[in-house]
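At position 37 of the sequence shown (counting the first as 1) the number is 362 in this note's numbering, and the numbers step up by one without a gap.
Where is the CB? At the ideal position from N, CA and C, for every residue including glycine.
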Amino acid sequence: MSGAARHVLARGNFRDLRSPAPEPDAAPPVGEPQARWRDLVDRLLPQAAPAHPDWPVVDDHCFARILLDNACNGPWRESVAAPAWANMPPDRLAVAIDLGNAVLSGRADLALLNRRSLQWRGKRRPPEAPATLETASLRLRRWRRADDAPFARLNADPEVMRHFPKLKSAGESLTEARALDRRFEADGFGPWAVEEPSGPFLGFVGAMRLMRAMPFAGGERPGSLIEIGWRLSPEAWGRGIATRAARLILADLFGRCGLPGVVAFTALGNTPSRRVMERLGMVQAEDFDHPAVPADAPLRRHVLYRLAAADFAGEPA
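This is the structure in structure tokens:
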């Protein structure tokens, strides 16, 4: 995607008229990471802007908007009370800080991040995505409010979440559901809700732009790689649903979206997911330590798979 064109509203004059004006300047709190965040958006990024005429914004509040929205996968004020530096959940603030540092170092495309933010806020038209992807036995669709309760049950199921660091509360699950659906508004693709015709919500399968730096080849540039993944309820296990849904999605990603390739990764011991990756024709690339998993956690070691568009075979013969 091209990020060369500047957006006039965003260049120092952007305000989301549906939201209050940004909070006034205040002294950074004692300690980290809040002080690093304030230094990043109040000083480092604005000071660097004159040397980057391709950047679409120059003001501190615009940098904050872009980074916070991308860390929250949507307008940050919808899930975080102002001031953001004081109320942002630590994991999301860490993502925002990492994105800002990646912009400073030239590893992240500020124009791409700004475009996603403006699309979420209705200031730019989001990319078109089909309403559904379907076969005779499977339907992939956008999320509905009726999916909230079954998704929360899925995220609270120890068997479903055994390869994740922890179970999710109902509130965490609701925030995730909204963020997953907003991916379509930012990128034109995302994680699809999965169901069989006339059947219940089974979970999701889909693609997400990786917005944090990852410790493997190509992962050092946030936003540059697309991950495909899935989380399905037990009644969908062992029936080939994840594989069939992923093939349908890959055909859309490599066809309509024109993506050159995707990655997938999971905890080293997650054999069922690794089998799905291999059935899709993905190639095991390397092992790595996931930066979002504590160093002493047994799930920290992950395995990475890759698939190039040219190597995608579609449905098996």
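The beta-carbon separation of THR591 and ARG599, rounded to 6 Å, stays under the 8 Å limit for a contact. Selection LEU370, GLY586, PRO623 and LEU437 evaluated against VAL608 yields GLY586 as nearest (Cα-Cα). For LEU443, the secondary structure class from DSSP, reduced to helix, strand or coil, is helix. When the five nearest sequence neighbours on each side are left out, the beta carbons in the same chain lying within less than 6 Å of the beta carbon of ALA396 are those of ARG417, VAL420 and ALA421, in order along the chain. For ASP612, the enclosing beta strand (DSSP E) covers residues 608-614.
Check the Cα spacing between ASP472 and each of THR500, LEU443, LYS491 and ALA376: the tightest is with THR500.
A residue is called buried once 16 or more other Cβ atoms fall within 10 Å of its Cβ, and ASP577 is buried on that count. Buried is the label assigned to ALA427, since at least 16 other Cβ atoms lie within 10 Å of its Cβ. When the alpha-carbon of PRO619 is set against those of LEU605, TRP555 and PHE489, the nearest one is in PHE489. Its chain contains VAL601, ARG604 and LEU605 as the residues whose beta carbon lies nearer than 8 Å to that of THR568, once the 5 sequence neighbours on both sides are disregarded; these appear in chain order.
When the Cα atoms are used, ILE551 and GLN372 turn out to be separated by approximately 31 Å. Just so you know, the alpha carbons of HIS627 and ASP612 end up roughly 6 Å apart. Listed in chain order, the non-local C-beta contacts of ALA481 below 7 Å within the same chain comprise LEU492 and LYS493, local neighbours out to five positions each way being set aside. Beyond the five residues adjoining it in sequence on each side, TRP380 comes within less than 6 Å, by CB distance, of ALA374 and LEU435 in the same chain, given in chain order. Straight-line spacing of the CA atoms in LEU624 and ARG503 works out to 26 Å. Residue environment for ARG564: exposed (fewer than 16 other C-beta atoms within 10 angstroms of its C-beta). Proximity to GLY548 across ASP367, LEU365, ALA409 and LEU437 peaks at LEU437, based on C-alpha coordinates.
The residues ILE422, in chain order, have a CB closer than 7 Å to that of ARG361 in the same chain once the five nearest residues on each side in sequence are set aside. Within the region 436-511, the beta strand (DSSP E) runs of at least 3 residues that lie entirely inside it are, in chain order, 457-459 and 464-466. In this structure, PHE526 sits away from SER498, with a CB-CB distance that is not shorter than 8 Å. In the three-state reduction of the DSSP assignment, VAL366 falls in the helix class, which pools H, G and I.
Pairing VAL530 with ARG508, the inter-Cα distance amounts to about 13 Å.
Across the set GLY513, LEU575 and VAL485, the C-alpha of LEU575 shows the shortest separation from the C-alpha of ALA633. Looking at the backbone, the Cα of ASN595 and that of GLU484 are separated by about 12 Å. Boundaries of the beta strand (DSSP E) around LEU632: 626-633. Assigned with DSSP and collapsed to three states, VAL530 falls in strand. Taking C-beta atoms under 8 Å as the contact rule, GLY528 and LEU557 qualify, at a distance of about 4 Å. Beyond the five residues adjoining it in sequence on each side, HIS615 comes within less than 7 Å, by CB distance, of ARG625 and HIS627 in the same chain, given in chain order.
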